[in-house]
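In terms of our numbering, the sequence shown opens at residue 562 and continues consecutively.
First comes the structure, then the notes that go with it.
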Amino acid sequence: MKKLPALVTIITVTLSGCAMQEGDFPSLLKRPYEDEPVMDAATDSAAVVASLPTDVEQKLDEAVAQSRAADAAFEARLPAVKSRVDAARGAAVSSELWVVAQMELAALEMVRSPSVEALADIDMLYRQQLERETSEDQTGGTAVIARQRDAVKMQVDRQQGEIDAMKNRLR
C-alpha cells in the first residue's frame, strides 16, 4: 500500500515532461551544412595529395623512412634486451646484472631516438602546413601529414610501451 503513492508521484512527474508547453522551439529540420555533398574517397584523396607542396612531401617521406629504419633497428635489438632484463629480474639494484640490463635499456632508447626525432619533425611539418593552409585558405595537406604522423606515433608509443614494461620488471 505504501508503494502506491510513490508510484503515482513517479508517473505524474514523468508524464509532466510530455505536456505541451508554450514557446518557440528550434526546428528539427536539417540544417544547411548537413546537406553538404560528400566527396568519394578517390576524389578526396587526390585533392589531399595534390595540396601538399613537393618540399614538404619530401621532408615527410624522409621523416617516415627515418622512423621505419629506427623501428627496424629497435625490433632487431629488442629480444637481446628482453633477455638481459629477464636475467636481471629480481636482482639487487646496482648489482652487475641490474646495471647491464639498465645499460641495455639505455642503448635501446638510443636506437629508437630517430623515431622520436622523426615524430617531432612531422609535428613541425604539420604545424607549418596548417599555418600555410590557414593563411592561403587551402585544405588537404594536413590530412596527409596527420596520417603519416599517426603511423609514426603508433611506432613510438609501442616502443615506449616495450621499454616501460621492461623497466617495470626491473623494479
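Here a beta-carbon is modelled for each residue, glycine too, at the ideal position from N, C-alpha and C.
These numbers come from a predicted model, not from an experiment.
- In the DSSP annotation of this structure, the continuous segment of the alpha helix (DSSP H) that includes V646 starts and ends at 615-649.
- Excluding five sequence positions before and after K714, the CB atoms of its chain that fall closer than 7 Å to its own CB belong to L680, given in chain order.
- Note that the region 710-725 touches the region 624-637; at least 3 beta-carbon pairs, one per stretch, sit closer than 8 Å.
- In summary, D698 is exposed, with fewer than 16 beta-carbon neighbours lying within 10 Å of its beta-carbon over all protein chains present.
- Inter-residue distance for L639 and L669 is about 7 Å (C-alpha atoms, whole angstroms).
- Taking V642 as reference, the option from S656, L666, D616 with the minimal CA-CA separation is L666.
- Contact annotation: D682 and A624 have beta-carbon atoms nearer than 8 Å.
- With contacts defined by Cβ atoms closer than 8 Å, L686 and K620 form a contacting pair.
- Setting aside the 5 residues that flank it on each side, R645 is surrounded in the same chain by V661, A662, E665, each with a C-beta closer than 7 Å to its C-beta; the list follows chain order.
- Looking only at T570, R732, S674, I571, the smallest Cα-Cα distance to S656 is reached by R732.
- Each of A704, Q627, I571 was checked against the Cα of R673, and the nearest Cα belongs to Q627.
- Nearest Cα to Q716 within the set S676, A648, T615, A652: S676.
- Within the same chain, Cβ atoms closer than 8 Å to the Cβ of A653 are found at W659, the five residues on either side in sequence being excluded.
- With 16 or more neighbouring CB atoms inside 10 Å of its own CB, A631 falls in the buried class.
- For L613, the CB contacts under 8 Å within the same chain, skipping 5 residues up- and downstream, are L621, Q690, G701, G702, V705, I706 in chain order.
- In terms of Cβ geometry, R730 and R650 form a close pair [threshold 8 Å].
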